[in-house]
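As numbered in this note's numbering, the sequence shown has no gaps in its residue numbers, which increase by one up to the final residue, 1358. Using N, Cα and C, we set each Cβ at its ideal position, and we do this for glycine too. The model shown is predicted, which means the values in this text are computed figures rather than measured ones.
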Amino acid sequence: FTSCCPGWVKFVEQYYPDFISNLSSCRSPQAMYGSVAKKLCLKCLKFRKKIMTVVSIMPCTAKKFEARRPELSKNGVADIDYVLTTQELARMIEEAGSLFGELEPSAFDMPLGFKTGGGVIFGNSGGVTEAVLRDIVSNNSGGAGKTEQFVFVRGEDGLREVKVNFGGRELNIAVVYGLKNARKILKDIKVDRSRYDFVEVMACPG
């Protein structure tokens, strides 16, 4: 199971603890970034802890809860200090009198200014699955594989089941959004009605 949606992770912890061990050990993108930013900036850029602040801009209010999880702090220092929703940011820009549409585009700040296509699509339902499949193909084809072939895993279906052939093996994949659909698929897996190699779950439509 994917682990990038904090609402989904909390749902599993609270209602289906038997599946906790099946969650990916990867942190969510904001949690990864917060940890790397703090460590990198403190060491390489020689920032002091007292002036180093990480702010996430996220569409999901559950990210606020995630940022306060004890696992995302060390020695009393949180990896993520504040989380603003995109709506909150929009209000701040409006209240400041800034005309967002008139701002000049600029490059991301280094040394953390790198981006990938997978980072762009992960917020869409099926985006994480597509990014994983792209990476598998790229790593096993020397970068010569056609990654656009996996666009079909994205969609607005609450529960989408797909089969992908790779290396002579058929992978069973499920892409789910909405906790009602997540509950259904967990029940099916529990009674061995369904088996999957990879399951992506998002609590909200995306």
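Query                                                                                                                        : Result
Residues bridged to Phe-1350 (per DSSP)                                                                                      : Ile-1325
Cβ pair count under 8 Å reaching 3, the stretch 1169-1183 against the stretch 1217-1227                                      : yes
Exposure label - Tyr-1167; buried when at least 16 CB within 10 Å                                                            : exposed
Which of helix, strand or coil DSSP assigns to Leu-1241                                                                      : helix
Three-way DSSP call (helix, strand, coil) for Ala-1296 in this model                                                         : Confidence at Ala-1296 is low in this model, with a pLDDT of 47, below 50, so its placement is unreliable and no value can be given for it.
Segment contact flag, the stretch 1237-1252 with the stretch 1200-1215, C-beta cutoff 8 Å, min 3 pairs                       : yes
Contacting residues, own chain, Cβ-Cβ under 8 Å from Ala-1214 (five flanking each side not counted)                          : Cys-1157, Pro-1158, Gly-1159, Lys-1162, Ala-1355
From Phe-1171, Ser-1177, Val-1284, Gly-1310, residue whose alpha carbon lies closest to that of Lys-1332                     : Gly-1310
Whole-Å CB distance - Ile-1245 paired with Gly-1186, under 8 Å assumed                                                       : Ile-1245 to Gly-1186, Cβ: 23 Å. No contact.
Exposed unless 16 or more other CB atoms sit within 10 angstroms - verdict on Lys-1226                                       : exposed
Whole-number beta carbon distance between Val-1328 and Val-1351, since they are thought to touch under 8 Å                   : 7 Å
Cut-off 7 Å between Cβ atoms - residues of its own chain near Ala-1296, not counting five sequence neighbours on either side : Confidence at Ala-1296 is low in this model, with a pLDDT of 47, below 50, so its placement is unreliable and the value that follows should be read with caution. Once the five neighbours on either side are set aside, Ala-1296 has no close Cβ partner at all.
Helix, strand or coil at Arg-1312 [DSSP, three-state]                                                                        : strand
For Phe-1252 and Val-1353, the rounded distance between their alpha carbons                                                  : 33 Å
Spatial neighbours of Glu-1165 in its chain, beta-carbon cut-off 7 Å, leaving aside the 5 residues before and after          : Ile-1172
CA nearest to the CA of Val-1314, picked from Asp-1349, Gly-1330, Ile-1203, Ala-1283                                         : Asp-1349
Other residues of its chain near Leu-1323: CB distance less than 6 Å, five sequence neighbours each side excluded            : Val-1316, Asp-1349
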